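J.:
There are 2 protein chains.
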Amino acid sequence: MPPMKRANSLDVAQLAGVSRTTVSFVLNNVPGVAISEATRKRVLEAAQSLNYHPNAAGRKLVSGKSRTLGLVLCQSPEQVFADSLLPQVLLGVGQAAMQVGYQVLLRPTETSDPFNYIKTIRENFVDGIVLSGPRQDDPEIIRLYEEGFPVMLMGQLPGSEVPFVDVDASAGAEAATNHLLERGRRRIAIITNAPLTYTSARQRRDGYLHALTSAGIEYDDTLLQEGNFTPESGYQAMMGLLSNGSRPDAVFVASDVVAKGAMLAIKRSGLRIPEDLAIVGFDDIPLAEYFDPPLTTFHLPAYGLGWAAGDRLIRLVQNEGLDDKGVLMQSDLIVRESS
Amino acid sequence: MPPMKRANSLDVAQLAGVSRTTVSFVLNNVPGVAISEATRKRVLEAAQSLNYHPNAAGRKLVSGKSRTLGLVLCQSPEQVFADSLLPQVLLGVGQAAMQVGYQVLLRPTETSDPFNYIKTIRENFVDGIVLSGPRQDDPEIIRLYEEGFPVMLMGQLPGSEVPFVDVDASAGAEAATNHLLERGRRRIAIITNAPLTYTSARQRRDGYLHALTSAGIEYDDTLLQEGNFTPESGYQAMMGLLSNGSRPDAVFVASDVVAKGAMLAIKRSGLRIPEDLAIVGFDDIPLAEYFDPPLTTFHLPAYGLGWAAGDRLIRLVQNEGLDDKGVLMQSDLIVRESS
DNA sequence: TCCCTTTACTAACACGTGTTAGTAAATTTA
DNA sequence: TAAATTTACTAACACGTGTTAGTAAAGGGA
Numbered sequence: 334m335p336p337m338k339r340a341n342s343l344d345v346a347q348l349a350g351v352s353r354t355t356v357s358f359v360l361n362n363v364p365g366v367a368i369s370e371a372t373r374k375r376v377l378e379a380a381q382s383l384n385y386h387p388n389a390a391g392r393k394l395v396s397g398k399s400r401t402l403g404l405v406l407c408q409s410p411e412q413v414f415a416d417s418l419l420p421q422v423l424l425g426v427g428q429a430a431m432q433v434g435y436q437v438l439l440r441p442t443e444t445s446d447p448f449n450y451i452k453t454i455r456e457n458f459v460d461g462i463v464l465s466g467p468r469q470d471d472p473e474i475i476r477l478y479e480e481g482f483p484v485m486l487m488g489q490l491p492g493s494e495v496p497f498v499d500v501d502a503s504a505g506a507e508a509a510t511n512h513l514l515e516r517g518r519r520r521i522a523i524i525t526n527a528p529l530t531y532t533s534a535r536q537r538r539d540g541y542l543h544a545l546t547s548a549g550i551e552y553d554d555t556l557l558q559e560g561n562f563t564p565e566s567g568y569q570a571m572m573g574l575l576s577n578g579s580r581p582d583a584v585f586v587a588s589d590v591v592a593k594g595a596m597l598a599i600k601r602s603g604l605r606i607p608e609d610l611a612i613v614g615f616d617d618i619p620l621a622e623y624f625d626p627p628l629t630t631f632h633l634p635a636y637g638l639g640w641a642a643g644d645r646l647i648r649l650v651q652n653e654g655l656d657d658k659g660v661l662m663q664s665d666l667i668v669r670e671s672s
Numbered sequence: 334m335p336p337m338k339r340a341n342s343l344d345v346a347q348l349a350g351v352s353r354t355t356v357s358f359v360l361n362n363v364p365g366v367a368i369s370e371a372t373r374k375r376v377l378e379a380a381q382s383l384n385y386h387p388n389a390a391g392r393k394l395v396s397g398k399s400r401t402l403g404l405v406l407c408q409s410p411e412q413v414f415a416d417s418l419l420p421q422v423l424l425g426v427g428q429a430a431m432q433v434g435y436q437v438l439l440r441p442t443e444t445s446d447p448f449n450y451i452k453t454i455r456e457n458f459v460d461g462i463v464l465s466g467p468r469q470d471d472p473e474i475i476r477l478y479e480e481g482f483p484v485m486l487m488g489q490l491p492g493s494e495v496p497f498v499d500v501d502a503s504a505g506a507e508a509a510t511n512h513l514l515e516r517g518r519r520r521i522a523i524i525t526n527a528p529l530t531y532t533s534a535r536q537r538r539d540g541y542l543h544a545l546t547s548a549g550i551e552y553d554d555t556l557l558q559e560g561n562f563t564p565e566s567g568y569q570a571m572m573g574l575l576s577n578g579s580r581p582d583a584v585f586v587a588s589d590v591v592a593k594g595a596m597l598a599i600k601r602s603g604l605r606i607p608e609d610l611a612i613v614g615f616d617d618i619p620l621a622e623y624f625d626p627p628l629t630t631f632h633l634p635a636y637g638l639g640w641a642a643g644d645r646l647i648r649l650v651q652n653e654g655l656d657d658k659g660v661l662m663q664s665d666l667i668v669r670e671s672s
């Protein structure tokens, strides 16, 4: 195979015996211009035989659009490492994008320079960004939003107007807690998914608190322990709860991964699940169904969130308005055998 | 804030009172051209005050390079969904790329059109691609490679010359099986990670077979069951093994996720791990450490594989040669309590 | 003083595309 | 038949950058 150069639209034009403009008209199906059937066919055949594909850079330059979305992972590398739902999010964003011919550019966070993604934006590399797990100490998000650059959050930034897509975590935590109440549990502990400086951790705790209050149960702050994303932290937190004076008869763990550690702690303490201690998780990671016992947990619609984020961002990019600033997706508790 | 237009290099040039060429020279630190210190400073200040960032499309157009790597996930969406190691791979490729100023474009597979990624390549959108989980029925890979387009596989394509990065799966499976032999087990079953049409499944089985042969143990084909990525398939496979005449005293499951289902089957059958039946997995997913009991498993260096793939692909893109066509990474068996 | 080299820059081209304004020929209308 | 419209196309511009070839001015040596 000769190392022949990539064909450009001029090559196609010459082979078809027309102008470059005509080639563009035909290949882009520009509406409102008249092209004879014979010419159209000649152009298409020429393009085919030269294996012509329009150069993306040229197209971007003239159109000013890159047809590319940035997907920025704001979480620390350690968090990303063990994120069982990330593949679903990726697929969701990816499919939403591809469906309308957009590409997805992935930006993990660099520990050394967490806000470096800004450069990619300023260079017009992407038309908009999805920010997964936005951080409240990120100074750039609000600025971008106010400049009118299309931004879509996965997760929320309290007190801001930036459009977002999120699960209704508070409602989920409330459903999980209510389920335990319905099973007759009264002394219900909570292990958070993350330190309470994280918005998502506070939301899940608030749902838990609201369920307790509605049931007329007083909140006992010795029953709250902070998790930290890892099973290890769940193990430690559970051990802390069990070494307290009167032990709980149920625990809501706001993350399945953390819950896995908590389950190990419960078993190591010689207690049975759910007889001695019921446990409900949050996330519904793929393996939760195969925990021992299978974990009752609130389903986080990760694919749906990704898809919605991508879809709405594209709408923003194309200047179609959004009916509402934020979307809070509802979901369901999956009852299995741990409760 | 007025909706002022993005500054281009001409704006910078005019503000600094120099030509556009000079701006380019200064900002790119072009070696071998003389710029007075005063001018250099004026240009830098002008760029700063205009918040100038060179337009990526313009740059790509003239350079012919996009400084972007494609990361193509060839696995089916269902597989990707439950892939616990994907985040590590992504981070690996991402960090390798960012370190040298490259971007990563993510391409999940569309079920409707699995080889559609080709279009992205032909449009010069990316300089090279990493193919994760290449499929043998993919007609494009070889063609791209033969055209000289930079391709790096994560996983292998038997009988091809395409550069790859992979774990030494055969050695891993052999180590896992040897470990069981050392523990005194003699009737060792295997559940594959995937149907044997998959290269990775065959490699792992071959390692298992080789260990058995070396130990002088005859292979009993009733002890082989095919898994299919899911815990469910592991559960079924294990049930199959247990319903056979004489049950095994150990099982090597070539995927931790599949192993999780197998473990459930073992427990449901009233057997103890490892006393009645030892089990060793493959992959070392983040949760394996918290299985019940913690799973002995061969560590798949997912981050390392991703990083190596990215790094080597960039080398290919930049026409630096590779010392060897393929890299087979070695790794270790992590011994925990399931064996 | 004259010539040659170095310094510090700039004019002009090329990359490949989408699109606006315009034109000649063919067809329809008056 | 002359004028007006429609059909089928094309010339030329714009997007923003990197880079090659070239040019004045300044400096140095004989």
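Line order of the protein sequences matches chains G and F.
The opening residue of the first sequence carries number 334 in this note's numbering; numbering runs sequentially from there.
The opening residue of the second sequence carries number 334 in this note's numbering; numbering runs sequentially from there.
Backbone N, C-alpha and C define an ideal beta-carbon position, used for all residues, glycine too.
Since this is a predicted model, take the numbers as computed values, not measurements.
How about residue 345 of chain F: is its C-beta nearer than 7 angstroms to some C-beta of chain G?
T.: In the second sequence, the residue the question calls residue 345 of chain F occupies position 12. For residue 345 of chain F, the answer is no, since every Cβ of chain G falls outside 7 angstroms of its Cβ.
J.: Examine the Cβ distances between the region 576 to 588 of chain G and the region 429 to 444 of chain G and report whether three or more of them are shorter than 8 angstroms.
T.: Segments in contact, no.
J.: Identify every run of the beta strand (DSSP E) within the region 610 to 668 of chain G, keeping only runs that are complete inside it and at least 3 residues long; order them along the chain.
T.: If we require 3 residues or more, the beta strand (DSSP E) runs fully inside the region 610 to 668 of chain G come out as 611 to 616, 629 to 632 and 659 to 662.
J.: Can you tell which of F:539, F:601 and F:471 has the C-alpha that lies nearest to the C-alpha of residue 526 of chain F?
T.: Residue numbering aside, residue 526 of chain F sits at position 193 when the second sequence is read from its first letter. Per the Cα distances, F:539.
J.: With residue 441 of chain F as the anchor, note down where its beta strand (DSSP E) starts and where it stops.
T.: Position 108 of the second sequence, counted from the first residue, corresponds to residue 441 of chain F. Segment 436 to 441, the beta strand (DSSP E) holding residue 441 of chain F.
J.: Quick check on the DSSP output: the beta strand (DSSP E) that includes residue 465 of chain F runs from which residue to which?
T.: Indexing the second sequence from 1 puts residue 465 of chain F at position 132. Its beta strand (DSSP E) spans residues 461 to 465.
J.: Closer than 9 angstroms between beta carbons: that is the criterion. Which residues of the region 470 to 503 of chain F meet it against chain G?
T.: Those would be 479, 480 and 481, in chain order.
J.: Measure the alpha-carbon distance for residue 334 of chain F versus residue 641 of chain G and round it to whole angstroms.
T.: For this step, residue 334 of chain F is matched to residue 1 along the second sequence. For this step, residue 641 of chain G is matched to residue 308 along the first sequence. The predicted model places residue 334 of chain F with a pLDDT of 38, which falls under 50 and marks its position as unreliable; any figure quoted below should be read in that light. Computed Cα separation, rounded: 30 angstroms.
J.: Check whether the Cβ of residue 526 of chain F lies closer than 7 angstroms to any Cβ atom in chain G.
T.: One-based indexing of the second sequence puts residue 526 of chain F at position 193. It does not; no Cβ of chain G falls within 7 angstroms.
J.: Are the beta-carbon atoms of residue 464 of chain G and residue 486 of chain G separated by less than 7 angstroms?
T.: Translated into the one-based positions of the first sequence, residue 464 of chain G becomes position 131. Translated into the one-based positions of the first sequence, residue 486 of chain G becomes position 153. Closer than 7 angstroms, so yes.
J.: Anything in chain G within Cβ reach of residue 427 of chain F, meaning under 7 angstroms, just list it in chain order.
T.: Taking the first residue of the second sequence as position 1, residue 427 of chain F is located at position 94. The contacting residues are 439 and 441.
J.: Ordered along the chain, which non-local residues of its own chain (more than five positions away) have a Cβ less than 7 angstroms from that of residue 646 of chain F?
T.: As a first step, residue 646 of chain F is located in the second sequence; it is residue number 313 there, counting from the start. Same-chain partners within the cutoff: 402, 461, 463, 483 and 485.
J.: From residue 450 of chain G to residue 338 of chain F, what does the alpha carbon distance come to, in whole angstroms?
T.: Position 117 of the first sequence, counted from the first residue, corresponds to residue 450 of chain G. Position 5 of the second sequence, counted from the first residue, corresponds to residue 338 of chain F. The alpha-carbon atoms of residue 450 of chain G and residue 338 of chain F are separated by roughly 21 angstroms.
J.: When we look at the beta-carbon of residue 566 of chain G and count the other beta-carbons within 10 Å, is it buried (16 or more) or exposed?
T.: Locating residue 566 of chain G in the first sequence gives position 233, where the first residue counts as 1. The residue is buried, with at least 16 neighbouring Cβ atoms inside 10 Å.
J.: Helix, strand or coil for residue 567 of chain G? Go by DSSP, reduced to three states.
T.: Within the first sequence, residue 567 of chain G is the residue found at index 234, counting from 1. Three-state result, residue 567 of chain G: helix.
J.: Are three or more beta carbon pairs between the region 593 to 606 of chain G and the region 378 to 398 of chain G nearer than 8 angstroms?
T.: No, because fewer than three Cβ pairs between the region 593 to 606 of chain G and the region 378 to 398 of chain G fall closer than 8 angstroms, the two stretches do not touch.
J.: What does residue 416 of chain F touch in chain G if you count any residue whose Cβ is under 7 angstroms from its own?
T.: Here residue 416 of chain F is taken as the residue at index 83 of the second sequence, counted from 1. Here the neighbours are 420.
J.: Using a Cβ-Cβ cut-off of less than 9 angstroms, give me the residues of the region 599 to 630 of chain F that come near chain G, in sequence order.
T.: If the cut-off is 9 angstroms between Cβ atoms, the region 599 to 630 of chain F has 600, 618, 619, 620, 622, 623, 624, 625 and 627 near chain G.
J.: Using the beta-carbon count (16 or more within 10 Å), is residue 352 of chain G buried or exposed?
T.: Locating residue 352 of chain G in the first sequence gives position 19, where the first residue counts as 1. It is exposed - the Cβ of residue 352 of chain G has fewer than 16 other Cβ atoms within 10 Å.
J.: May I ask you to list, following chain order, the residues of the region 578 to 596 of chain G that have a beta carbon less than 8 angstroms from some beta carbon of chain F?
T.: Cβ contacts with chain F: 590, 593, 594 and 596.
J.: Can you look up residue 401 of chain F in the DSSP assignment and give me helix, strand or coil?
T.: Numbered from 1 along the second sequence, position 68 holds the residue referred to as residue 401 of chain F. Reduced to three states, the DSSP call for residue 401 of chain F is strand.
J.: If you follow the beta strand (DSSP E) that residue 497 of chain F is part of, which residue opens it and which one closes it?
T.: Sequence index remark: in the second sequence, residue 497 of chain F carries index 164 (1-based). Where residue 497 of chain F is concerned, the enclosing beta strand (DSSP E) stretches over 497 to 500.
J.: Which chain G residues sit within Cβ distance under 8 angstroms of residue 632 of chain F?
T.: Residue mapping note: residue 632 of chain F aligns to position 299 of the second sequence, counting from 1. Simply none; closest approach about 14 angstroms.
J.: Residues of chain G with a CB under 8 angstroms from the CB of residue 458 of chain F: which are they?
T.: Against the second sequence, residue 458 of chain F aligns to sequence position 125. Ordered by position in chain G, the residues that pass the 8 angstroms Cβ test against residue 458 of chain F are 389 and 436.
J.: Is there a Cβ of chain F sitting closer than 7 angstroms to that of residue 564 of chain G, yes or no?
T.: What you label residue 564 of chain G is simply residue 231 of the first sequence in a count that begins at 1. Closer than 7 angstroms: yes.
J.: Comparing C-alpha positions only, which one of G:520, G:593 and G:472 sits nearest to residue 555 of chain G?
T.: One-based indexing of the first sequence puts residue 555 of chain G at position 222. Per the Cα distances, G:520.
J.: With a threshold of 16 other CB atoms inside 10 Å of the CB of residue 547 of chain G, please say whether the residue is buried or exposed.
T.: Reading the first sequence from its first residue, position 214 is the one you call residue 547 of chain G. Exposed is the call here.
J.: With distance defined between alpha-carbon atoms, name the residue in G:610, G:446 and G:593 nearest to residue 516 of chain G.
T.: Indexing the first sequence from 1 puts residue 516 of chain G at position 183. For the residues G:610, G:446 and G:593, the minimum Cα distance to residue 516 of chain G belongs to G:610.
J.: Give the residues of chain G in contact with residue 393 of chain F, contact being defined as C-beta atoms less than 7 angstroms apart.
T.: Here residue 393 of chain F refers to the residue found at position 60 of the second sequence. The answer, in chain order, is 390.
J.: Does DSSP put residue 524 of chain F in a helix, a strand or coil?
T.: Within the second sequence, the letter at position 191 stands for residue 524 of chain F. Residue 524 of chain F falls in the strand class under three-state DSSP.
J.: Are the beta-carbon atoms of residue 373 of chain G and residue 349 of chain G separated by less than 7 angstroms?
T.: In the first sequence, counting from the first residue as 1, residue 373 of chain G sits at position 40. In the first sequence, counting from the first residue as 1, residue 349 of chain G sits at position 16. No, Cβ-Cβ distance for residue 373 of chain G and residue 349 of chain G is not below 7 angstroms.
J.: Taking residue 637 of chain F and residue 497 of chain F to be in contact with their CB atoms under 8 angstroms, please state how far apart those CB atoms are, rounded to whole angstroms.
T.: Residue numbering aside, residue 637 of chain F sits at position 304 when the second sequence is read from its first letter. Residue numbering aside, residue 497 of chain F sits at position 164 when the second sequence is read from its first letter. Contact flag wrong, Cβ pair sits at about 14 angstroms.
J.: Would DSSP call residue 592 of chain G helix, strand or coil?
T.: Reading the first sequence from its first residue, position 259 is the one you call residue 592 of chain G. In this structure, residue 592 of chain G counts as helix in the three-state DSSP scheme.
J.: Taking residue 399 of chain F as the query, report the chain G residues whose CB atoms sit under 8 angstroms from its CB, ordered along the chain.
T.: Here residue 399 of chain F is taken as the residue at index 66 of the second sequence, counted from 1. In chain order: 389 and 390.
J.: So, using beta-carbon positions, are residue 583 of chain G and residue 524 of chain G closer together than 7 angstroms?
T.: On the first sequence, residue 583 of chain G is found 250 positions in, with the first residue counted as 1. On the first sequence, residue 524 of chain G is found 191 positions in, with the first residue counted as 1. For residue 583 of chain G and residue 524 of chain G, no; Cβs fall outside 7 angstroms.
J.: Check the Cβ-Cβ distances between residue 664 of chain F and every residue of chain G, and say whether any is below 7 angstroms.
T.: Translated into the one-based positions of the second sequence, residue 664 of chain F becomes position 331. It does not: the Cβ of residue 664 of chain F has no partner Cβ on chain G nearer than 7 angstroms.
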